[in-house]
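Below is one structure, written out as structure tokens; comments come after it.
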Amino acid sequence: MALQQIDHADDHMQECIDNCLEAAQVCEWCADACADEDGMARCIRLCRDVADVASLHARFMARNSGYHEELGEICADLCEECAEECEQHDHDHCQACAEILPECAESCREMASA
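If you read the sequence shown in the numbering used here, its first letter stands for residue 9, the second for the next number, and so on.
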């Protein structure tokens, strides 16, 4: 049975949780694919950072942690920096990151200011 909605999560929080999990997934894919490419160390590091922080942020929101706002700011900053890096590369996986991460950053900023 799939979790439909976390009781304490309003629509904005649920959207942010979903965006963070999607960001984590696309960044794991990108980091793995970039491992086969030369000169992609910065991209790999940023993608791994986003994957870790975004999944942690989703978990903090799911458990209604009092620290999810602060983590949301960090997550948004990382998503923006990673998207800028990925925009510079023509690989499909990098372009997927560049497309998905700004939406995650926006929803994380909304949660951080809530």
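We treat Cβ as the ideally placed atom computed from N, Cα and C, and that holds for glycine.
Where do the ends of the alpha helix (DSSP H) carrying residue i lie?
i    : result
N72  : Per DSSP, N72 belongs to no alpha helix (DSSP H) and is neither H nor E.
D100 : 100–120
H97  : That residue, H97, is in no alpha helix (DSSP H); it is neither H nor E in DSSP.
D36  : First, the residue type needs correcting, since residue 36 is Glu and not Asp in the sequence shown. Unbroken alpha helix (DSSP H) run through E36: 19–42.
Which of the three DSSP states, helix, strand or coil, is assigned to residue i?
i   : result
L11 : With a pLDDT of 47 at L11, under the threshold of 50, the predicted position of this residue should be treated as unreliable, though the coordinate-derived value follows. It is coil, neither helix nor strand.
D46 : coil
I'd like to know whether the C-beta atoms of residue i and residue j end up nearer to each other than 8 angstroms.
i    : j    : result
L109 : A120 : no
C116 : C87  : yes
C105 : C35  : yes
L54  : E89  : yes
C38  : C94  : yes
A122 : E77  : yes
My understanding is that residue i touches residue j, with C-beta atoms under 8 angstroms, so please give their C-beta distance in whole angstroms.
i   : j   : result
A59 : L29 : Contact doesn't hold; Cβ gap of about 10 angstroms is too wide.
Comparing alpha-carbon positions, which option in the options lies nearest residue i?
i   : options             : result
A32 : R71, A84, H20, D46  : A84
G47 : D19, M21, E107, Q96 : Q96
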